[in-house]
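> Numbering (this note's numbering), first residue to last: 4 to 283.
The structure follows.
Listed below in structure tokens is the structure:
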């Protein structure tokens, strides 16, 4: 039967439960948007567009600093693209399931221009078995960062961001970025190893919803790279997250980053999907 979709429309608080249900279709792939909705409550749906099949909400798209389509087929992507053509200056990236992001970008690219970077192959990796049960070595020094360590963590976070994205996370005042770093630390979502008063390893829980914790911001200090610190540190992070926060840990990585992929494989992560990111 032919499905008829509506145009993409802003959602309201009455759509909150339905938006969460759409994210729950694939919790591991949709953790980012689910977490934004859970953290913000019903009012957060103001940052989403939706398309309907009749009266039923069928797909959504998070539209804020990042654009993230969720469970969108071709008809939904057509509707989102028509709406998004007017939103170029508000967005820093489009990311999510590669099967949705890449065709969405095909629809937007002539309107939004040349991106800074187009990353088509970003394996989404997941692990749910505790390293402790698997006998994998864990670094006992890994721990949640303390609230009084914001100024210690900030340089590591900024260094990681700049390496990954290609430009610094702030220019001039670090106030807003510092607030973001502090928020992660206050929630117990930043894990560190500190040596001689400096962070040498860091990883954050960037999104937490529906039993899934998505790790972001994994970083090893340049002076400690190639010395075997990353795998036991990641094992410790996974164990602590499974103990305290979620039943599954996920992350995504650039397909060309062979060193990182080896580290995550050694920590028990296995691919369960593919993301793509358009950096604007």
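Glycine residues also receive a C-beta, built at the ideal position from the N, C-alpha and C atoms.
Less than 8 Å between the CB atoms is what I'm expecting for residue 147 and residue 194, so what's the real figure, rounded?
For this step, residue 147 is matched to residue 144 along the chain shown. For this step, residue 194 is matched to residue 191 along the chain shown. Between residue 194 and residue 147 the Cβ distance is about 6 Å, and since that is below 8 Å, they are a contact.
> Which same chain residues, not among the five before or five after residue 179, have their C-beta less than 8 Å away from its C-beta?
Translated into the one-based positions of the chain shown, residue 179 becomes position 176. Only 173 meet the Cβ criterion.
> Output yes or no for whether 9 Å exceeds the beta carbon distance between residue 184 and residue 223.
As a position in the chain shown, residue 184 is number 181, starting the count at 1. As a position in the chain shown, residue 223 is number 220, starting the count at 1. It is not a contact, given that the beta carbons lie outside the stated cut-off.
> On the DSSP letters alone, give me the boundaries of the beta strand (DSSP E) that residue 43 sits inside.
By one-based count along the chain shown, residue 43 stands at place 40. Note, residue 43: premise wrong, no beta strand (DSSP E); alpha helix (DSSP H) at 34–43.
> How would you label residue 230, buried or exposed, when you count the other beta carbons within 10 angstroms and need 16 or more for buried?
Here residue 230 refers to the residue found at position 227 of the chain shown. Per the 10 Å Cβ criterion, exposed.
> Assuming residue 205 and residue 160 form a contact by the criterion Cβ under 8 Å, report the distance between their Cβ atoms to the nearest whole angstrom.
Sequence index remark: in the chain shown, residue 205 carries index 202 (1-based). Sequence index remark: in the chain shown, residue 160 carries index 157 (1-based). That pair is a contact at about 7 Å.
> For residue 275, tell me which candidate among 16, 32, 20 has the shortest Cα-Cα distance.
Looking up residue 275 in the chain shown gives position 272. Cα-wise, what sits closest to residue 275 is 32.
> Does DSSP put residue 84 in a helix, in a strand, or in coil?
Residue mapping note: residue 84 aligns to position 81 of the chain shown, counting from 1. Here residue 84 sits in helix by DSSP.
> Determine which residues share a DSSP beta bridge with residue 203 and list them.
Locating residue 203 in the chain shown gives position 200, counting from the first residue. Per DSSP, none; premise fails for residue 203.
> Measure the CB-CB distance between residue 71 and residue 11 and report whether it falls below 9 Å.
If you number the chain shown from 1, residue 71 lands on position 68. If you number the chain shown from 1, residue 11 lands on position 8. Cβ atoms of residue 71 and residue 11: not closer than 9 Å.
> Starting from the Cα of residue 212, find the closest Cα among 14, 17, 23, 13 and give me that residue.
Taking the chain shown and counting its residues from 1, one reaches residue 212 at position 209. The shortest C-alpha separation from residue 212 is found at 23.
> How many Å lie between residue 19 and residue 217 at the Cα?
Along the chain shown, read from residue 1 onward, the residue named residue 19 stands at position 16. Along the chain shown, read from residue 1 onward, the residue named residue 217 stands at position 214. Computed Cα separation, rounded: 22 Å.
> Where do the N-terminal and C-terminal ends of the alpha helix (DSSP H) with residue 164 fall, by residue?
In the chain shown, residue 164 corresponds to position 161, counting from 1. Looking at the DSSP string, the run of the alpha helix (DSSP H) that includes residue 164 is 153–168.
> For residue 267, count the other beta carbons within 10 Å of its own beta carbon; 16 or more makes it buried, fewer makes it exposed. Which is it?
For the purposes of this step, residue 267 is identified with residue 264 of the chain shown, where counting begins at 1. The residue is buried, with at least 16 neighbouring Cβ atoms inside 10 Å.
> For the beta strand (DSSP E) holding residue 64, just list the boundary residues, first then last.
As a first step, residue 64 must be located in the chain shown, where it is residue number 61. It spans 59–66 - the beta strand (DSSP E) in which residue 64 sits, taken as one unbroken run.
> Assuming contact is defined by CB atoms lying nearer than 9 Å, are residue 37 and residue 210 in contact in what I supplied?
One-based indexing of the chain shown puts residue 37 at position 34. One-based indexing of the chain shown puts residue 210 at position 207. The answer is yes: Cβ separation under 9 Å.
> Where does the unbroken beta strand (DSSP E) through residue 260 begin, and where does it stop?
To locate residue 260, count along the chain shown from 1; it is residue 257. Careful: residue 260 lies outside any beta strand (DSSP E) and carries neither H nor E.
> Are residue 280 and residue 87 closer than 9 Å when you measure CB to CB?
Here residue 280 refers to the residue found at position 277 when the chain shown is read from its first residue. Here residue 87 refers to the residue found at position 84 when the chain shown is read from its first residue. Their beta carbons are not under 9 Å apart, which means residue 280 does not touch residue 87 by this criterion.
> Have a look at residue 45 and residue 16 and give me their C-alpha separation to the nearest angstrom.
The count along the chain shown starts at 1 and reaches residue 45 at position 42. The count along the chain shown starts at 1 and reaches residue 16 at position 13. Whole-angstrom Cα-Cα distance: 5 Å.
> For the beta strand (DSSP E) containing residue 96, name the first residue and the last one.
As a working note, residue 96 is residue 93 in the chain shown. It spans 96–100 - the beta strand (DSSP E) in which residue 96 sits, taken as one unbroken run.
> Less than 9 Å separating the beta-carbons of residue 239 and residue 144?
Position 236 of the chain shown, counted from the start, is the residue given in the question as residue 239. Position 141 of the chain shown, counted from the start, is the residue given in the question as residue 144. Going by C-beta atoms, residue 239 is nearer than 9 Å to residue 144.
> What did DSSP end up calling residue 114 once you bin it into helix, strand or coil?
Within the chain shown, the letter at position 111 stands for residue 114. DSSP places residue 114 in helix when its eight states are reduced to three.
> When the Cα of residue 168 is compared with those of 116, 182, 208, 95, which residue comes out closest?
What you label residue 168 is simply residue 165 of the chain shown in a count that begins at 1. The shortest Cα separation from residue 168 among 116, 182, 208, 95 belongs to 95.
> Out of 196, 207, 63, point me to the one whose CA is closest to residue 40's CA.
Here residue 40 corresponds to residue number 37 of the chain shown, with the count starting at 1. Per the Cα distances, 63.
> So, are the CB atoms of residue 110 and residue 81 less than 9 Å apart?
On the chain shown, residue 110 is found 107 positions in, with the first residue counted as 1. On the chain shown, residue 81 is found 78 positions in, with the first residue counted as 1. In contact: residue 110 and residue 81 (Cβ atoms closer than 9 Å).
> Determine the DSSP secondary structure at residue 28, reduced to helix, strand or coil.
Within the chain shown, numbered from 1, the residue matching residue 28 stands at position 25. Coil at residue 28, not helix or strand.
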